[in-house]
Structures are given as structure tokens and as C-alpha cells.
Amino acid sequence: MNFWNDPINFVSVWLRSLFSGWGMADWLVNVLLAVMGIVVLIICAMVLDIMLVWVERKVVARFQDRFGPNRVGPFGLIQPFADIIKLLIKEDITPVGADRIIFNLAPILAMTAVLLLWAILPLGSVIYGVDLNVGVLYIIATGAIGTLSIIMAGWASNNKFALIGAFRTVAQMVSYEIPMLVAMLIPTILAGTMSVNGIVHAQNVWFVILSPIGVLIFIISAIAELGRSPFDLNEAESEIVAGFHIEYTGMKFGMFYASELLHTFTFGGFIATLFFGGWRGPYAEIYPLLGVFYFFIKAMFFYWVIMWVKYSMPRIRIDHMLAFNWKFLTPLAFVLLIVTALVDKVLAQTNFHATGMLLANIIVGWVTIEILRIHARGLRKKDEIPAKPSTQAAHHQPLRGEK
Amino acid sequence: MQNEWIYIGLFMLVGVIIPIGAIAVAWLLGPRKPNPVKQSTYECGIETVGESWIQFKAQYYIFALVYLIFDVETVFLFPWAVALGKLPLFAVLEGVLFILILIAGLIFVWRKGALEWV
Chain A
11 MNFWNDPINF VSVWLRSLFS GWGMADWLVN VLLAVMGIVV LIICAMVLDI
61 MLVWVERKVV ARFQDRFGPN RVGPFGLIQP FADIIKLLIK EDITPVGADR
111 IIFNLAPILA MTAVLLLWAI LPLGSVIYGV DLNVGVLYII ATGAIGTLSI
161 IMAGWASNNK FALIGAFRTV AQMVSYEIPM LVAMLIPTIL AGTMSVNGIV
211 HAQNVWFVIL SPIGVLIFII SAIAELGRSP FDLNEAESEI VAGFHIEYTG
261 MKFGMFYASE LLHTFTFGGF IATLFFGGWR GPYAEIYPLL GVFYFFIKAM
311 FFYWVIMWVK YSMPRIRIDH MLAFNWKFLT PLAFVLLIVT ALVDKVLAQT
361 NFHATGMLLA NIIVGWVTIE ILRIHARGLR KKDEIPAKPS TQAAHHQPLR
411 GEK
Chain B
180 MQNEWIYIGL FMLVGVIIPI GAIAVAWLLG PRKPNPVKQS TYECGIETVG
230 ESWIQFKAQY YIFALVYLIF DVETVFLFPW AVALGKLPLF AVLEGVLFIL
280 ILIAGLIFVW RKGALEWV
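For the record, the sequence lines run as chains A and B.
Be aware that the first sequence starts at 11, since it is given in my numbering, and climbs by one per residue.
Be aware that the second sequence starts at 180, since it is given in my numbering, and climbs by one per residue.
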């Protein structure tokens, strides 16, 4: 066994022999090793988070034809550290009448919810925190903790804007969880397991080829779950100032901000894991660190896609947002689930599995577009008929004083 | 199996301690000069009228109810999805029937007008 084939095991065997040599009990060594691994993983996540702040600011600047941070250090790379120092030395204000315990608990919980996702994120073939056999359900469960933290923040702030933001969050995140759950059922069906690493192992053919529509549904509902634009109704700046985190200052606000960015990256990672082969790539099985590299490339790509959507789309209205979910995404997701299950069952043992799945998806997509076209045509007709006489009347209306 | 959940528990512990640490450091470093104006509720400079914890639109409640039904029933689908490869065709069709009943529920809610934002 050498370091490059199995880095984590290599280090853990070495540390275990070291600690046992010091005369520690077995269970203590196990706990100590686990905690060390966790701390390393979380610190990696936090450092990545700091860099994501820089990436976010630099990319949004490019989208808006600006330079972005470019003064502090080369390419402004030191800028996020300057931001952190600023956040650290700001005054911590708690508004009058706020529910102090919940108010302080909310930012902590927001960060914890995101970090918990890293426990099961498979970074490489042997590099992951833990391989839960209910991984997919775990993703949903931790996502719910994130939603809870936003509701707590909005409720405890004793501010009407914050409360409105929290209500909107409930309506939005709760709604978009349904298509996300169903989209996650598709890789589960195809892989036959809920374990996230198991799903990666099953992807000899990337699941995006077997279920392109599932990927689209997952990405859209993931953006909504993250509360990023065009679904950022919970913090809509132009309507409710800053939404749920309006009363937060300093590091507490920083926690919300950092958790949002890290959440986005983590979901980029899950899109890559569930549909785009995760850490898989040439030689990734033999050299796990290469797998980590592939994983980060893919996750960063989807992080960038989510940013691209964020900075090119206007915010949608709340009724449109809910209608889009309940009248379009949810029925489509369920229909796709039925089609996937049946086609997978019928073609599982044959050579046409991948082709059949792709074909089924294309048919579902085509039928959806046709239904939408017919529906839109109907809507346009409904608009036209009453519109015609009124415009003519307006056109022929004589001016006052005119005979 | 048990070890995995102990690991998650440890992860949660460390994951709570690190943000608490960050906020605690900020609390130690930051100035503390509270005054009534600074601590008042921020509503763009206008003074708050009445209670902040107001009644909310009943529509949110209806959406939450619809969600609850779907969420609980989708969780039932996960075991079916995992075992799909080993199930006989009949069991798969039963699962499909279950989803169809779910969709019928969605259509019912739709026709009742609960999905309209009024």
C-alpha cells in the first residue's frame, strides 16, 4: 500500500500505530482519528469558501463588464481575507425585541447545515467522510436544516422585512423540494442504491446521458433550494431590503453569506456526483487525488453555471415561482419518474438500456414542449379576442371638444 | 452502520463548534457601543408601527399542506427505487400506480384552485 493509491488509509494507519504506541485505548484512537479527519475536511471546506468569495466577486464583475477586486494582492486574491478581517472587527448588533437565543443560533445552524453535507460528499474513490447507505435522503434532511435556519433568522429578528423573507423561504424551499426529491430518485433507480459513493461507482455511463431531463429538473430545483437568483425571493434587495438577514451584522452576517456560497458549491458537487460521474475520470480509481481534481473541476463548472444563471436572469414573481413549480416541474418530474422506472425495468438486461433511456427522455421532452406550445397558443388566443375591440375603441375615441 | 452515525454526530459537533468559534472571535474583537437608535428595528429609517410578529397570508399554509402530502409520499418511493432492479414487473407497476394516485391528488388540488396565488 502506498500513499498515492490510498492516501487517507495510509495516513490513518501511520497515526493509529503512533497513538497505539503512546498507549491509548482503541476507541479513543478511533474517535481521535475521526475528529482529526473531520477537522481537516471542514478546514478545507472553509478555505475553499474563502476562495469562493473571490471567485464570486471576480465572475460577477466580469458578467457586468467590471474588473472586480484587483487591488489587494495579485488579481485581488487577498481581498477575501481583508473582508474577513472587516467582518471580524465589526460591532455585533442585536435589535431590540429580538428573540436572542434563536437570533444567535440561526447563523450557526446555517453554516452547520452546509458543513454536514460535506460528511458524505465523495471527493475521490476512497476520499470521503462517510459512505452512508441513505446518502440521498441525508442530502434532503440537511437541506431542511438550512431552511430551518433561515426561518429562525427571519422570525427572531423582530423585523417585518425579515419575517416576509422567512415566509417566502418556506413557500419556495418547501415547494422545490418535491421536484428535487423526484430528480434524486432517478439516479437512485439507475444505480440501485441510495449511497452517494455507490451512485458514482454505478456510473459507467454518466447518468446525464440516461436522464438529461432529470438533470435539468435537479439543477433548477437546486437553484431554488439555494435561494439564488432568479429564485432569491427570500432576500430580494429591491423589495424587502435584505430579507431574512436584514438585522445581522459582522460575522453573523458573514456566516449566512459564507454558507450560501459553500452551499452552492456543495450542490454543484452533488450535481456532478449524481449525474456527471463525480470523481470518475482517467486513472481516478488508481490515484484518488486525481479523482479529487476531477471532482473539483466538475463542481466548479456547475458552481459557475449556477452563477451564470444568477447574473443573467431577473428575479421572478412569487406567484410565477410557485406556479412554475407546482404546475410544471412537479408533474414533469413525476411523469419522468414513471417513464424512467418502466423503461429501466423493461430494458435493464438488454444492450439498449442507455439508448432506450435517452430516447424515452427525448420523447418526454418533446411531448412537454408540445403541450407547452398548445397551452401558450391557447393563452395567446384568450388574450387576443377581448383585446381587439378595446384597442380599436381606444383608437377611434374622439378627443374632448372634437365632433 | 452504528459507527457511521457516530461519525455524523462527531461531524455535527465539530460543524457547530467552528461557526461558534468564528462568531465568538468576532464578539471578542468587535466594539460594543449600543444605543437605542442603533438597536432599533431597521425599516429604512421609518419607525416601526405595531407588532413585528404579524399574521401571515393563509396561502403559505395551503402550500405547506400540499408539500407535506407530497414529501411524505415521496419518501415512501425511495425504498421502491432502491429495490427496483430486483422487483418483479408487477411490483414496479404497483409503484407506478402509487405515483399516478399522487398525480391525481395534484390534479385535484390544482382543480380546487389551491395552487393559485391570490
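The C-beta atom is built at its ideal place from N, Cα and C for all residues, glycine as well.
{"Item": "Would residue 283 (chain B) count as contacting chain A if we go by Cβ distances under 8 Å?", "Value": "no"}
{"Item": "Can you give me the Cβ contacts of residue 79 (chain A) inside the same chain, cut-off strictly under 6 Å, excluding the 5 residues immediately before and after it?", "Value": "67, 86, 89"}
{"Item": "By the three-class DSSP mapping on this structure, what secondary structure does residue 9 (chain A) have?", "Value": "Nothing can be reported for residue 9 (chain A): it is not among the residues displayed for chain A, which extend from 11 to 413."}
{"Item": "What residues in the segment 131 to 164 of chain A have a beta carbon less than 9 Å from any beta carbon of chain B?", "Value": "139, 140, 141, 142, 143, 144, 146, 147, 148, 150"}
{"Item": "Once DSSP output is grouped into helix, strand and coil, what is the label at residue 153 (chain A)?", "Value": "helix"}
{"Item": "Below 8 Å, how does it come out for the segment 183 to 195 of chain A and the segment 248 to 266 of chain B: are there three or more Cβ pairs, yes or no?", "Value": "yes"}
{"Item": "Which stretch, first to last residue, makes up the alpha helix (DSSP H) that contains residue 224 (chain A)?", "Value": "222 to 236"}
{"Item": "May I ask you to report which of helix, strand or coil DSSP gives residue 3 (chain A)?", "Value": "For residue 3 (chain A) there is no data in the structure shown, the boundaries of chain A being 11 and 413."}
{"Item": "Going along chain B, which residues have a C-beta under 8 Å from residue 64 (chain A)?", "Value": "Those within 8 Å of residue 64 (chain A) in chain B number zero; the least Cβ separation is about 18 Å."}
{"Item": "Does any residue of chain B bring its CB to less than 8 Å from the CB of residue 249 (chain A)?", "Value": "no"}
{"Item": "How close, in whole Å, do the beta carbons of residue 329 (chain A) and residue 289 (chain B) come, if the pair is a contact with beta carbons under 8 Å?", "Value": "Wrong, their Cβ atoms sit about 14 Å apart, outside the cutoff."}
{"Item": "Going by alpha carbons, who is nearest to residue 294 (chain B) out of B:241, B:270, B:272, B:275?", "Value": "B:241"}
{"Item": "If distances are taken between C-alpha atoms only, which option among B:261, B:217, B:210, B:247 comes closest to residue 144 (chain A)?", "Value": "B:261"}
{"Item": "Starting from residue 415 (chain A), trace the alpha helix (DSSP H) both ways and give me its first and last residue.", "Value": "The requested residue 415 (chain A) does not occur in the structure, where chain A is confined to residues 11 to 413."}
{"Item": "Does the segment 307 to 317 of chain A come close enough to the segment 144 to 156 of chain A to have 3 or more Cβ pairs within less than 8 Å?", "Value": "no"}
{"Item": "For the structure I just gave you, are there three or more beta carbon pairs, one from the segment 377 to 391 of chain A and one from the segment 225 to 243 of chain A, closer than 8 Å?", "Value": "no"}
{"Item": "Excluding five sequence neighbours on each side, which residues of the same chain lie with their C-beta closer than 8 Å to the C-beta of residue 108 (chain A)?", "Value": "166, 167, 168, 257"}
{"Item": "Residue 340 (chain A) versus chain B: which residues are under 7 Å apart at the beta carbon?", "Value": "285"}
{"Item": "DSSP three-state label for residue 68 (chain A), please.", "Value": "helix"}
{"Item": "Note down the Cα distance separating residue 347 (chain A) from residue 212 (chain B), rounded to an integer number of angstroms.", "Value": "57 Å"}
{"Item": "If you run the structure through DSSP and keep just helix, strand and coil, what is residue 179 (chain A)?", "Value": "helix"}
{"Item": "Quick one: what's got a C-beta closer than 7 Å to residue 45 (chain A)'s C-beta in the same chain, skipping five residues either side?", "Value": "none"}
{"Item": "Any Cβ of chain A within less than 8 Å of the Cβ of residue 202 (chain B)?", "Value": "yes"}
{"Item": "Below 7 Å between beta carbons is the criterion; list the residues of the segment 188 to 222 of chain A that meet it against any residue of chain B, in chain order.", "Value": "188, 191, 192, 195, 198, 199, 202, 203, 204"}
{"Item": "CA-CA distance, residue 357 (chain A) and residue 366 (chain A)?", "Value": "7 Å"}
{"Item": "Let me know if residue 385 (chain A) comes out buried or exposed under the rule of 16 or more other beta-carbons within 10 Å of its beta-carbon.", "Value": "exposed"}
{"Item": "Leaving aside the five residues before and after residue 198 (chain B) along the sequence, list all residues of the same chain whose C-beta is less than 7 Å from its C-beta, in chain order.", "Value": "none"}
{"Item": "Which residues in chain A sit within 8 Å of residue 218 (chain B), going by Cβ to Cβ distance?", "Value": "103, 104, 105, 106"}
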